[in-house]
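Chemist: Chains as they are written, first to last, in numbering that gives the first Met the number 0: chain A, 0 to 115; chain U, 0 to 97; chain B, 0 to 465.
Next up is a structure, given as C-alpha cells.
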Amino acid sequence: MLETLITSALLAVVGIYCVVVKKNLIKKVIGLAIFTNSIHLLLISIGFREGGIAPIITQANLVGFAARAVDPLPQALVLTSIVIQLSVTALALSIAILAFRHLNTLNTDKMNKLSG
Amino acid sequence: MFEYWSLFVLTFAGFIGLGFLIYFLGNRKSRFEERKFETYTCGEPFPKVHVSPENFYVAIKKGLGIRDLREIHSGKLSDYLLWFLIGMVVVILMVLWV
Amino acid sequence: MLEYIISILIVSSFLMLVLKRDLIAIGAILVSFFMMVLLFFQDQITIVRFGGWVPPFGIVWVMDGLSLFVGLLITGISSLVAIYSIKYIKERKHRFYTLLCLMTAGLLGVCLTGDIFNMYVFFEILSIASYGLVSFFLDEDAIEGAFKYIIIGSFGSSFILLGIALLYGVTGTLNFADLALKISHSPVFMIALGLIIGGFAFKAAIIPFHAWKPDAIEGTPTPIGAIFTTSSSAVGVYGIMRILFVFGMIQLNFALIGFGVLTMMVGALLALVQINAKRMLAYSSISQIGYVVMVIGFGTTLGLTSGLYHILNNALIKGLLFMGIGCVIYLTGKENLDEMGMNNTPLLICMGIGVLSMAGIPPLNGFVSKWLIFMASWEINPILTVLAIIASAITLAYGFKIFSSIFLSGKKSSGEIPKIMLVPVVILTILCVLIGIFPQLGLNIVEPAANALLNQNQYITAVLGG
Numbered sequence: 000m001l002e003t004l005i006t007s008a009l010l011a012v013v014g015i016y017c018v019v020v021k022k023n024l025i026k027k028v029i030g031l032a033i034f035t036n037s038i039h040l041l042l043i044s045i046g047f048r049e050g051g052i053a054p055i056i057t058q059a060n061l062v063g064f065a066a067r068a069v070d071p072l073p074q075a076l077v078l079t080s081i082v083i084q085l086s087v088t089a090l091a092l093s094i095a096i097l098a099f100r101h102l103n104t105l106n107t108d109k110m111n112k113l114s115g
Numbered sequence: 000m001f002e003y004w005s006l007f008v009l010t011f012a013g014f015i016g017l018g019f020l021i022y023f024l025g026n027r028k029s030r031f032e033e034r035k036f037e038t039y040t041c042g043e044p045f046p047k048v049h050v051s052p053e054n055f056y057v058a059i060k061k062g063l064g065i066r067d068l069r070e071i072h073s074g075k076l077s078d079y080l081l082w083f084l085i086g087m088v089v090v091i092l093m094v095l096w097v
Numbered sequence: 000m001l002e003y004i005i006s007i008l009i010v011s012s013f014l015m016l017v018l019k020r021d022l023i024a025i026g027a028i029l030v031s032f033f034m035m036v037l038l039f040f041q042d043q044i045t046i047v048r049f050g051g052w053v054p055p056f057g058i059v060w061v062m063d064g065l066s067l068f069v070g071l072l073i074t075g076i077s078s079l080v081a082i083y084s085i086k087y088i089k090e091r092k093h094r095f096y097t098l099l100c101l102m103t104a105g106l107l108g109v110c111l112t113g114d115i116f117n118m119y120v121f122f123e124i125l126s127i128a129s130y131g132l133v134s135f136f137l138d139e140d141a142i143e144g145a146f147k148y149i150i151i152g153s154f155g156s157s158f159i160l161l162g163i164a165l166l167y168g169v170t171g172t173l174n175f176a177d178l179a180l181k182i183s184h185s186p187v188f189m190i191a192l193g194l195i196i197g198g199f200a201f202k203a204a205i206i207p208f209h210a211w212k213p214d215a216i217e218g219t220p221t222p223i224g225a226i227f228t229t230s231s232s233a234v235g236v237y238g239i240m241r242i243l244f245v246f247g248m249i250q251l252n253f254a255l256i257g258f259g260v261l262t263m264m265v266g267a268l269l270a271l272v273q274i275n276a277k278r279m280l281a282y283s284s285i286s287q288i289g290y291v292v293m294v295i296g297f298g299t300t301l302g303l304t305s306g307l308y309h310i311l312n313n314a315l316i317k318g319l320l321f322m323g324i325g326c327v328i329y330l331t332g333k334e335n336l337d338e339m340g341m342n343n344t345p346l347l348i349c350m351g352i353g354v355l356s357m358a359g360i361p362p363l364n365g366f367v368s369k370w371l372i373f374m375a376s377w378e379i380n381p382i383l384t385v386l387a388i389i390a391s392a393i394t395l396a397y398g399f400k401i402f403s404s405i406f407l408s409g410k411k412s413s414g415e416i417p418k419i420m421l422v423p424v425v426i427l428t429i430l431c432v433l434i435g436i437f438p439q440l441g442l443n444i445v446e447p448a449a450n451a452l453l454n455q456n457q458y459i460t461a462v463l464g465g
C-alpha cells in the first residue's frame with residue numbers, strides 16, 4: 000500500500016505542476032485530469048487490506064466475508080467521482096474549443112483582457 | 000441585546016446635527032472669492048481654471064498602494080492558480096500550528 | 000419533505016430541455032421557496048433517511064436552523080432571479096432556465112445534506128451548472144471568465160475531494176454527526192480540515208482564492224451575477240461553518256480572522272478603482288464576505304449572529320444592486336460606469352436605498368448588521384473595529400460612485416423598463432427597509448441558525464440517536 004501512496008503523491012505533484020505552470024489551455028485540462036486521478040488512486044488504496052478478496056459475495060466466500068474483504072465504500076466514491084470528473088473535463092474542453100474560436104489562441108498568458 | 004431605538008435616534012440626530020453645522024459654517028461670508036488657479040503657459044494668455052472635485056478620486060488612485068494590487072490581478076490564469084496554491088499552503092500551515 | 004424539493008427542481012430542469020416551456024422552471028423554483036417557508040414554520044430538526052438505512056451506514060439529510068436559513072436565502076434569491084430573467088434573457092431561454100434549476104438544486108443540496116461526500120457531489124452539480132451559466136452569452140468576455148472559473152474551480156474542488164479522502168482514511172465514516180464524535184487531533188486530520196476549508200473558501204471568494212470572481216461576474220448575465228454574489232458566497236461560508244462545527248472548533252481561529260481582514264480591505268480598495276459596474280459590485284461582494292469570515296472566526300455568539308445576519312443583508316443588498324444595474328444595462332446596453340446614465344425615478348429610489356444600506360446608514364438593514372459586527376469585533380480587539388470602519392467608509396465612497404455615475408451624470412435614457420424587471424427590485428427594496436426598521440424580523444431567522452451552530456449535541460443526538 001505504501002507504493003500506491005507514493006505513486007499517488009507523485010502523480011498529484013505532476014498534476015499540480017501541469018495546471019499551474021503550463022500555459023496551454025489543453026495542457027492545463029490534462030493536468031487537472033491527472034491530479035483528480037491521483038486522488039482516486041489515493042481513495043482506493045485507503046480501503047485496501049493485505050491479502051484481501053474482492054468485495055463480491057458468492058456462495059464460496061460467505062464465511063468470514065467482512066473480515067477478509069477489501070472495503071467497497073471508497074470504490075463507490077471513486078466511481079461517482081470519475082463520472083463527475085468526466086463531465087467537468089468535457090465541459091472544460093468544450094470551453095477551450097470556444098476560446099480558440101473566439102480569441103484565436105490557446106495561450107492563457109495572452110488571454111488577459113479582463114484584469115485589474 | 001442593546002437599545003436599538005435609542006441608538007438609531009442618537010445616530011440620526013448626530014447626522015442631522017452635523018448637517019446643520021456644515022450648513023451654517025458654509026454659509027458664512029468668506030473673505031476669498033471662488034478660487035481659480037493660474038496655469039503657467041510660457042507667457043501666453045490663458046483663462047484661470049476652476050478645479051473640479053473629481054480630482055479627489057485621482058488622488059485616491061495614486062495613493063494607498065492600489066497600483067500594486069491592480070498589477071497583481073494581472074488577468075493571467077497561471078498567476079491566479081499560483082496564488083491559490085500559496086493560499087492553500089498558508090491555510091494548512093495555520094491550521095496545523097495555531 | 001426535503002427530498003421532494005430537490006427532486007422537483009432536478010426533474011423540472013430536465014423537463015425544460017424537452018418541453019421548452021419557461022413556466023415549468025419558474026413554477027418549480029417558486030414551489031421550492033414556498034416549501035422552505037413551510038418548513039420554517041415547523042421549527043424542528045427534520046431528518047430524511049434514504050432507503051431507511053440508519054446513519055452512519057446510510058446517507059441522511061438533516062435540516063437544522065442553519066440549513067433552513069441558507070436554504071430560504073437561496074430559494075428566495077433564485078425565485079426573484081427567475082422572475083427577473085423572463086425579460087432580461089432574450090435568446091436560448093430554455094437552456095438558461097435548465098441551468099438555473101440545476102444550480103438551485105445544487106445550492107440547496109449542499110445545505111440540506113448531512114453526509115460529507117454527498118455534499119461534495121452536490122457541490123459539483125452546482126459548479127457544473129454555474130460553469131455553463133458563466134459562459135452563457137458566448138462572447139469574448141464570457142468565454143474568458145468561464146475558462147478562468149472552470150480551471151480554478153475544478154482545482155479547488157479536487158482539494159475538497161483530497162480532504163474527504165484523508166478524513167475517511169483517519170475516521171472511517173462520512174456522516175457529519177459521526178465525524179463530530181470521532182475527532183482526533185492528529186496532523187492528518189488537521190491537514191484534511193485545512194484542505195476542505197480551502198476548497199470551500201474558493202467558492203466563498205476569500206482572498207487569495209477569489210481571483211476567478213471578478214472576471215467571471217464580468218462575463219456572466221447580470222441576474223446570474225446576483226446569484227453568484229449572494230447564494231454561492233453564502234454556500235461557501237456555510238461549508239466552512241459546517242466543517243468547523245463538525246470539528247467542534249467554533250472558537251478563536253486566527254486563520255479565519257486574518258483572511259477575513261485581508262479580504263475586507265483588499266476587496267474594498269480594489270472596488271474603488273473599477274470602471275465596469277459589474278466588476279465593481281463583484282469586488283464589493285468579496286469585501287462584504289470578508290466581514291462575515293472575520294466575524295465568524297471569533298466564535299462568540301454575538302460574532303456568529305452578526306456574521307449570519309450580514310450574509311442575509313448582503314444577499315438582499317447585492318441582489319437589489321445587481322438587478323438594478325441589470326435594468327440599466329438592459330436599456331442602455333453599456334456596462335462601463337462612465338457611459339451609463341438614466342433618469343428613471345423608481346429605480347433611483349431603489350438603488351439609492353441599496354447604496355445607503357450597503358454603506359451602513361440607519362434606518363436600513365446594513366446599519367444593523369454593521370453595528371453588530373463593530374460590537375463583536377470591539378470585544379476581541381479594537382484595531383479590528385477601526386479596520387472595519389475604514390472599510391465601511393470606502394464602501395460608502397464606491398457606492399456613491401455607482402449612484403452618481405448612473406443617476407447624477409445628466410444623461411437621459413430612452414425606453415421603459417419592463418414592469419416585470421422592476422418587481423424583484425421593489426420587493427428587495429421593501430425588504431431592506433422593513434428589516435432596517437424592525438430588525439427583529441431578521442433576528443427571528445438568524446438566531447435559530449446561530450444556536451444550531453453552537454449547540455452541536457442537539458444535531459448529533461437527532462441524527463444518531465433517533
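All C-beta atoms, glycine included, are put in the ideal place defined by N, C-alpha and C.
Expressed to the nearest angstrom, what Euclidean distance is found between the alpha-carbon atoms of S51(U) and M339(B)?
Modeler: Within the second sequence, numbered from 1, the residue matching residue 51(U) stands at position 52. Within the third sequence, numbered from 1, the residue matching residue 339(B) stands at position 340. Any reading at S51(U) must be qualified, since the residue scores a pLDDT of 47, below 50, and its modelled position is unreliable; the value itself is stated next. Rounded to the nearest angstrom, the two C-alpha atoms are 21 Å apart.
Chemist: Is the number of C-beta pairs between the stretch 302-319 of chain B and the stretch 282-291 of chain B that are closer than 8 Å three or more?
Modeler: Yes: at least three Cβ pairs fall under 8 Å.
Chemist: At which residues does the alpha helix (DSSP H) containing V516(B) begin and terminate?
Modeler: What is shown of chain B runs 0 to 465, which leaves residue 516(B) out entirely.
Chemist: What residues of chain B sit near F83(U), judged by a beta carbon separation below 8 Å?
Modeler: The sequence position of residue 83(U) within the second sequence is 84, counting from 1. The contacting residues are I151, F154, G155, F201, P207, F208, A210.
Chemist: Kindly indicate if chain A contains any beta-carbon less than 8 Å away from that of E415(B).
Modeler: The sequence position of residue 415(B) within the third sequence is 416, counting from 1. Not closer than 8 Å to any Cβ of chain A, the Cβ of E415(B) fails to qualify, so no.
Chemist: For R48(B), report the span of its beta strand (DSSP E) as first-last.
Modeler: As a position in the third sequence, residue 48(B) is number 49, starting the count at 1. It spans 45-48 - the beta strand (DSSP E) in which R48(B) sits, taken as one unbroken run.
Chemist: Taking just the CA atoms, how far does I274(B) sit from L173(B)?
Modeler: On the third sequence, residue 173(B) is found 174 positions in, with the first residue counted as 1. On the third sequence, residue 274(B) is found 275 positions in, with the first residue counted as 1. Approximately 46 Å, taken between the alpha carbons.
Chemist: Jot down the residue ranges of each uninterrupted alpha helix (DSSP H) in the stretch 138-171 of chain B, minimum 4 residues, whole runs only, in chain order.
Modeler: If we require 4 residues or more, the alpha helix (DSSP H) runs fully inside the stretch 138-171 of chain B come out as 139-170.
Chemist: Determine, using beta carbons only, whether S73(U) and N111(A) come nearer to each other than 8 Å.
Modeler: Position 74 of the second sequence, counted from the first residue, corresponds to residue 73(U). Position 112 of the first sequence, counted from the first residue, corresponds to residue 111(A). Yes; because the gap between Cβ atoms is below 8 Å, this pair is in contact.
Chemist: Under 7 Å between beta-carbons, which chain U residues line up against M189(B)? List them in chain order, please.
Modeler: As a first step, residue 189(B) is located in the third sequence; it is residue number 190 there, counting from the start. Here the neighbours are V94, L95.
Chemist: Among S413(B), A24(B), N443(B), G359(B), which one has its Cα closest to the Cα of T394(B)?
Modeler: For the purposes of this step, residue 394(B) is taken as the residue at position 395 of the third sequence. Here the closest residue by C-alpha is G359(B).
Chemist: Identify the contact partners of R66(U) in chain A, using a Cβ-Cβ distance below 7 Å as the criterion.
Modeler: To locate residue 66(U), count along the second sequence from 1; it is residue 67. Chain A residues near R66(U): none, gap ~11 Å exceeds 7 Å.
Chemist: Can you pull the chain U neighbours of I196(B), defined as C-beta to C-beta under 8 Å?
Modeler: Position 197 of the third sequence, counting from 1, holds the residue named residue 196(B). Residues of chain U passing the Cβ test: V90, V94.
Chemist: Name the one or two DSSP bridge partners that A11(A) has.
Modeler: In the first sequence, counting from the first residue as 1, residue 11(A) sits at position 12. Paired residue(s): none; A11(A) is not in a bridge.
Chemist: Name the residue from L269(B), L307(B), C349(B), I436(B) whose alpha carbon lies nearest to the alpha carbon of A449(B).
Modeler: For the purposes of this step, residue 449(B) is taken as the residue at position 450 of the third sequence. When each option's Cα is compared against that of A449(B), the closest is L307(B).
Chemist: Decide if the stretch 7-20 of chain B is in contact with the stretch 100-111 of chain B; the criterion is three or more beta carbon pairs, one per stretch, under 8 Å apart.
Modeler: Enough Cβ pairs lie closer than 8 Å, so yes.
Chemist: Exposed or buried, which one is K400(B) when buried takes at least 16 other CB atoms within 10 Å?
Modeler: By one-based count along the third sequence, residue 400(B) stands at place 401. K400(B) should be labelled buried.
Chemist: Given a limit of 8 Å on CB to CB distance, which residues of the stretch 264-281 of chain B reach chain U?
Modeler: Listed by position along the chain: V265, L268, L269, L271, V272.
Chemist: Under the three-state reduction of DSSP, which class applies to I472(B): helix, strand or coil?
Modeler: Residue 472(B) falls outside the range modelled here, since chain B spans only 0 to 465, and no answer is possible.
Chemist: What separation, rounded to the nearest whole angstrom, lies between the Cα atoms of S84(B) and M322(B)?
Modeler: Position 85 of the third sequence, counting from 1, holds the residue named residue 84(B). Position 323 of the third sequence, counting from 1, holds the residue named residue 322(B). One C-alpha to the other measures close to 10 Å.
Chemist: Beta-carbon within less than 8 Å of F13(B)'s beta-carbon, same chain only, minus the 5 sequence neighbours each way: which residues are those?
Modeler: The residue labelled residue 13(B) in the question sits at position 14 within the third sequence. So the qualifying residues of the chain are T97.
Chemist: Identify every residue that forms a DSSP beta bridge with T112(B).
Modeler: Taking the third sequence and counting its residues from 1, the one referred to as residue 112(B) is at position 113. According to DSSP, which records beta bridges pairwise, T112(B) is partnered with W60(B).
Chemist: Tell me which residues share the same chain as F14(U) and place their Cβ nearer than 8 Å to its Cβ, disregarding the 5 neighbours each side in the sequence.
Modeler: Counted from its first residue, the second sequence places residue 14(U) at position 15. Hits under 8 Å: none found.
Chemist: On the three-pair Cβ rule with 8 Å, is the stretch 48-57 of chain B touching the stretch 165-181 of chain B?
Modeler: Taking 8 Å as the limit for Cβ pairs, the verdict is that the stretch 165-181 of chain B does touch the stretch 48-57 of chain B.
Chemist: So S134(B) and A128(B) are in contact, right, with Cβ under 8 Å, and what is the actual spacing, rounded?
Modeler: Indexing the third sequence from 1 puts residue 134(B) at position 135. Indexing the third sequence from 1 puts residue 128(B) at position 129. S134(B) to A128(B), Cβ: 12 Å. No contact.
Chemist: What residue does the alpha helix (DSSP H) around L320(B) start on, and which one ends it?
Modeler: Working through the third sequence from its first residue, we reach residue 320(B) at position 321. First-last of the alpha helix (DSSP H) with L320(B): 300-331.
Chemist: Below 7 Å on C-beta distance, what does F42(U) contact in chain A?
Modeler: Here the question's residue 42(U) lines up with position 43 in the second sequence. The residue asked about is misnamed: residue 42(U) is Gly in this sequence, not Phe. What G42(U) touches in chain A: nothing, since even the nearest Cβ is about 41 Å away.
Chemist: Would you mind telling me which residues of chain B sit closer than 7 Å to T79(A), beta carbon to beta carbon, in chain order?
Modeler: Taking the first residue of the first sequence as position 1, residue 79(A) is located at position 80. V120, listed in chain order.
Chemist: What's the gap between the Cα of G162(B) and the Cα of A32(A)?
Modeler: Locating residue 162(B) in the third sequence gives position 163, counting from the first residue. Locating residue 32(A) in the first sequence gives position 33, counting from the first residue. So the alpha carbons of these two residues sit roughly 17 Å apart.
Chemist: Helix, strand or coil for I469(B)? Go by DSSP, reduced to three states.
Modeler: The shown model of chain B, from 0 to 465, leaves out residue 469(B), and the question about it has no answer.
Chemist: So, does the CB of P186(B) fall closer than 8 Å to a CB anywhere in chain U?
Modeler: Position 187 of the third sequence holds residue 186(B). P186(B) counts as touching chain U.
Chemist: Opposite I52(A) in the DSSP bridges: which residues?
Modeler: In the first sequence, counting from the first residue as 1, residue 52(A) sits at position 53. Bridge partners of I52(A): A68(A).
Chemist: Quick one: what does DSSP say N106(A) is sitting in, helix, strand or coil?
Modeler: Along the first sequence, read from residue 1 onward, the residue named residue 106(A) stands at position 107. Residue state, collapsed to three classes: strand.
Chemist: Any beta carbon of chain A sitting closer than 8 Å to that of I9(B)?
Modeler: Position 10 of the third sequence holds residue 9(B). Cβ-Cβ to chain A under 8 Å: no for I9(B).
Chemist: Using only the alpha-carbon positions, how far apart do H184(B) and G193(B) sit?
Modeler: To locate residue 184(B), count along the third sequence from 1; it is residue 185. To locate residue 193(B), count along the third sequence from 1; it is residue 194. Cα to Cα, H184(B) sits roughly 13 Å from G193(B).
Chemist: Please confirm whether I94(A) has its beta-carbon closer than 8 Å to some beta-carbon of chain B.
Modeler: What you label residue 94(A) is simply residue 95 of the first sequence in a count that begins at 1. Closer than 8 Å: yes.
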